[in-house]
Structures are given as structure tokens and as C-alpha cells.
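Working notes, structure below.
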Amino acid sequence: MYFIVTVLALVELSIYSQGTTHEHLFPDIPKNLETGTFPYDITIYSRSDVVAVKCPTTGYHHNSEISYFYRNDDYILYKPLPKAIIGWKKIKTLDYRKIRTLFCGETEIYKTVNGTSIHFGATRWEYTITWKDNPDPNKLAIEGKEYAYSESIPEKCGLSIEDLIILQIKRDGQPHNLDISKTEEVSDELLFYFFKKPNETDELNYMYVEPCLVLDAFNFCPQITILDLEHTTVQYKGYQILAFKLNEDKETTFNIALNLQIGGRSLGYYNKDNVAITRMLNFKNTIDYAPMYSDYSDSTFTIFGYELVQLEYYCKDEEIETPRSRLLFFGPKDDNLQLEERIYRYYD
């Protein structure tokens with residue numbers, strides 16, 4: 060197996076011996092990697108406790124005559140493209156340790172002796188990373204909350220939400236890429252870090268990049284939803300109604316969840332805020348409240364059969380209070396909802 064790896068390395072080596080080398084991307088690292096270069100010191104001047112650091116990746120040749128790089132995929136910010144020569148790794152400082160070590164991968168070194176390339180050894184490409192000042196992500200989150208409330212993150216970061224890399228971190232935890240395929244409960248200690256994918260200019264000029272925005276989980280105004288229950292969206296009398304189809308006209312209890320959502324991407328769910336539940340009536344030209352029939356819940360609500368309800372809560376902090384509401388219709392399980400024929404009831 061080692062013979063095969065060596066042969067492949069020599070094939071790559073022969074290709075790059077007459078081609079492009081990439082040491083210009085790391086101008087402060089000596090061309091000769093045998094000089095005790097590593098670990099290389101990087102100082103971070105950032106208020107964020109999380110940054111992405113530049114590393115070589117497979118395909119990088121610091122010196123075409125003597126090196127072949129095997130990347131380490133731990134803590135990668137995103138998966139590099141097959142022909143990429145630069146990758147980025149996320150790293151977080153710790154309260155009790157401002158100096159961290161980051162391992163990018165290993166460089167296999169070859170020497171040419173009498174016209175033959177011979178494996179000479181290996182060098183670990185790693186950094187000693189030091190934060191110059193005390194980062195304060197919580198203060199960054201407070202400063203950035205207006206972008207969540209005004210839904211203007213693309214303006215702040217210069218990219219659409221779909222093009223941003225979002226990391227989520229529990230305080231004193233490690234950064235993980237947001238997985239929108241999972242339905243998870245959001246901790247009240249969760250922070251989100253928004254990164255722009257580094258471009259060629261970043262690769263050429265910077266050893267690390269910072270997040271364009273840091274936000275707390277509760278900087279977002281979530282959407283009210285019901286987990287594990289399918290619905291369709293219906294336009295009716297100028298209202299947008301979420302229509303849920305039930306098997307029976309009977310009392311049923313559901314779990315309420317608040318979905319932290321931005322740009323169509325779900326950041327997770329929580330049940331921390333009280334949600335007002337109001338029974339609604341369908342009149343000839345409009346929909347209105349059924350008097351005296353409201354209550355509050357932080358996790359569940361009950362319907363009394365086929366009916367229309369409004370769920371509402373106030374997304375707020377010290378300065379901003381924004382109402383968020385949704386109309387939900389619970390009706391029979393058929394294709395024709397017949398909204399105008401259903402009785403939205405309330406009880407004496």
C-alpha cells in the first residue's frame with residue numbers, strides 16, 4: 060500500500076515539477092520546509108472568538124521538487140473543490156486558553172538523488188494561533204441584532220443567505236456547521252456565526268478570515284409552526300392560512316414550536332416564548348376574533364375539532380417589539396377545504 064501511495068506521489072510530483080508552485084499563497088513560510096518552520100505562529104486580531112484559518116489542501120505544492128500535501132479534514136469550514144489548492148479551517152479560542160494549535164495536514168518531502176526522487180521524510184503543517192485581545196462574541200451579537208430583526212443580513216454580509224456559511228456554537232463549545240436537514244431544539248446559549256466563503260483575494264492576502272456577522276439565537280424573530288404535521292398554504296379573503304387536515308372532528312392537542320428561520324433556512328426550534336391562542340370567526344367579508352376566547356401557552360394548544368385559530372407572540376428585546384402571528388385552519392381530510400362552509404365555533 061505504501062508503494063502505491065509513493066508511486067502516486069511521484070506521478071503528481073512529475074506533473075508539478077514543470078508546472079505551477081503555490082508558495083506565493085504563503086509568502087512568510089520558507090520555501091524550504093525542512094528549516095523548522097512549523098508550528099508557524101499566527102496572531103489573531105479579531106473581536107470574534109471564531110475565525111477561519113487558511114491551510115493548504117490536496118493539490119497544493121509548496122515546492123514542486125520536494126513536496127506533496129495530504130490534507131487533514133478535521134474542522135474544515137467547507138469541503139474544498141476537487142482541484143482546490145487552499146482550504147479553510149474553523150478554530151475557536153477558549154476562555155482558559157488563548158493559544159491554540161491547528162493541524163492542516165502533512166507534507167511528504169522528496170529529494171532528487173542522481174536523477175531519482177527519493178522519499179526524504181514528512182513535515183506536519185501546523186500553526187500556533189494566539190488571540191491578541193479578549194474576543195467578545197456576545198457584544199458582537201448585541202451589535203448585530205438589528206440585522207436579524209430587519210432581515211437585512213444579506214446587506215450586512217454582501218451575499219444572499221443561501222451563499223453564506225453558518226456555524227452554530229453553544230457557549231464554551233466548538234463550532235459546527237449548521238445542518239438544515241435536522242430538526243433540533245435551539246439552546247438559549249446558541250450563537251450563530253455567518254461567514255462569507257473566502258475568494259481568491261482572501262486566499263492571496265489573508266491567513267485568516269472573520270465572520271461577517273455574529274448573532275444570538277434570540278436575535279431572530281421565529282415563525283410559529285407545528286412540528287410533525289403537514290400543511291398547505293391557502294390564500295383566503297386576503298389572509299394567508301396554514302391549512303391542516305384532520306381525520307376526525309374532535310378535540311386534539313398539538314405541540315407549538317417557534318422556528319428560527321432566515322432566508323428560508325431553518326436554524327432550529329424552541330418553545331421559550333408564550334404564544335397567544337385566539338379562536339377566530341369567519342364572517343362574510345373578513346375573519347375576526349371570537350370574543351373572550353383566548354389563552355396562552357409556551358408549548359401546546361388544543362383545538363375543539365374543525366376550527367380556525369390565530370397563534371401570535373411578540374418577538375422582543377429591550378428596544379424592539381414585533382408581533383408575529385399565523386392563522387391556522389384545522390379541517391377535514393379532503394382535497395376541498397370549503398373554508399366558507401366550515402363553522403368556526405366558540406363555546407359559552
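Read in order, the letters of the sequence shown correspond to residues 60 to 407 in this note's numbering.
A virtual CB, placed ideally from N, CA and C, is assigned to each residue, including glycine.
Computed from a predicted model, the values in this text were never measured in an experiment.
Local conformation of residue i per DSSP, three classes
i, result
"P391", "strand"
"N306", "coil"
"K229", "strand"
"A181", "strand"
"T337", "strand"
"H235", "strand"
"A143", "coil"
"D100", "strand"
"M351", "The predicted position of M351 is uncertain, since its pLDDT is 47 and thus under 50; no value can be drawn from it."
"L317", "strand"
"L286", "coil"
"D411", "With the chain running from 60 to 407 in the structure shown, residue 411 is simply not present."
"L84", "helix"
"E380", "strand"
"T166", "strand"
Residue i versus residue j - alpha carbon distance
i, j, result
"D261", "R106", "19 Å"
"K338", "L386", "Position check: residue 338 holds Arg in this sequence, whereas Lys was assumed. Using only the alpha carbons, I get a separation of about 10 Å."
"E167", "T117", "12 Å"
"F128", "A181", "10 Å"
"S246", "V268", "27 Å"
"L136", "P234", "10 Å"
"L84", "L263", "5 Å"
"T102", "W190", "6 Å"
"T361", "C163", "54 Å"
"V428", "N193", "Nothing about residue 428 can be read from this structure; the chain reaches only from 60 to 407."
"N318", "L223", "19 Å"
"I144", "E259", "11 Å"
"S358", "N314", "6 Å"
"N197", "D108", "10 Å"
"T79", "S126", "13 Å"
"F388", "E380", "26 Å"
"K255", "G95", "33 Å"
"M351", "T312", "Only weak support exists for where M351 lies, its pLDDT of 47 falling under 50; the value from the coordinates is given anyway. If I take the Cα positions, the gap works out to 20 Å."
"L199", "P270", "10 Å"
"S384", "K138", "39 Å"
"G174", "P86", "29 Å"
"I188", "I225", "22 Å"
"K296", "P281", "25 Å"
"D195", "Y372", "30 Å"
"E366", "G203", "40 Å"
"Y75", "G146", "The predicted model places Y75 with a pLDDT of 41, which falls under 50 and marks its position as unreliable; any figure quoted below should be read in that light. Straight-line Cα distance between these residues: approximately 19 Å."
C-beta atoms of residue i and residue j nearer than 9 Å
i, j, result
"L161", "K148", "yes"
"P382", "K304", "no"
"E214", "Y206", "yes"
"F363", "E307", "no"
"I88", "Y104", "no"
"L301", "I336", "no"
"L272", "I201", "no"
"R324", "I220", "yes"
"E248", "Y328", "no"
"F277", "L326", "no"
"Q320", "F253", "no"
"V110", "I158", "no"
"N122", "L92", "yes"
"Q299", "T291", "no"
"R408", "E165", "There is simply no residue 408 to check, as the chain begins at 60 and stops at 407 in what is shown."
Supposed contact pair residue j and residue i - C-beta distance, whole angstroms, cut 8 Å
i, j, result
"F119", "H81", "It is Tyr, not Phe, that sits at residue 119 in the sequence shown. Correct: roughly 5 Å between the Cβ atoms."
"L286", "A316", "5 Å"
"Y186", "S176", "The Cβ separation is near 28 Å, so there is no contact."
Test: residue i CB closer than 9 Å to a CB of chain B
i, result
"P194", "Absent here is chain B; the protein component of the structure consists of one chain."
Entirely enclosed beta strand (DSSP E) segments - the segment 175 to 219, minimum 3 residues = Qualifying beta strand (DSSP E) stretches, in chain order: 175 to 190.
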